[in-house]
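J.:
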Amino acid sequence: MAKDYRVFVHLDALVTLPKTGKRRAAVIRYLQILGQIAHLGGDYEVKDPETGRPFNVSQVAGYAITWWIDGPVGEVKVVDITSAN
């Protein structure tokens, strides 16, 4: 059985989202379930050039959501949300 993680979103990541609308709602819904589906990974992976840490990137409603699993503490950390266009 896959582990459920608590999801933490960096406040700076949220500034790119519109204040209202369907796209914002889709991203928020994804963030709400991310802790339950994180074990599936994102749409693709990138590595931090400084640390080598792998980040998952999920594309949702025209946004790229960058996150990683902090397994020892049972958390998913969302570090960036940018327009995927």
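Residue numbering for the sequence shown follows this note's numbering, beginning at 140 and increasing consecutively. We put the beta carbon where it would ideally sit given N, CA and C, even for glycine. Just so you know, these numbers come straight off a predicted model, no measurement behind them.
Mind checking whether I220 and T155 have CB atoms under 7 Å apart?
T.: yes
J.: Enumerate in chain order the residues of its own chain whose CB-to-CB distance from K216 is below 7 Å, with the five nearest sequence positions on each side excluded.
T.: F147, W206, W207 and D209
J.: Quick one: is G160 near chain E, going by C-beta distance under 7 Å?
T.: Looking at the structure shown, chain E is missing, and only one protein chain is on hand.
J.: With a threshold of 16 other CB atoms inside 10 Å of the CB of S222, please say whether the residue is buried or exposed.
T.: exposed
J.: Distance check for F194 and D182, CA to CA, integer angstroms please.
T.: About 11 Å.
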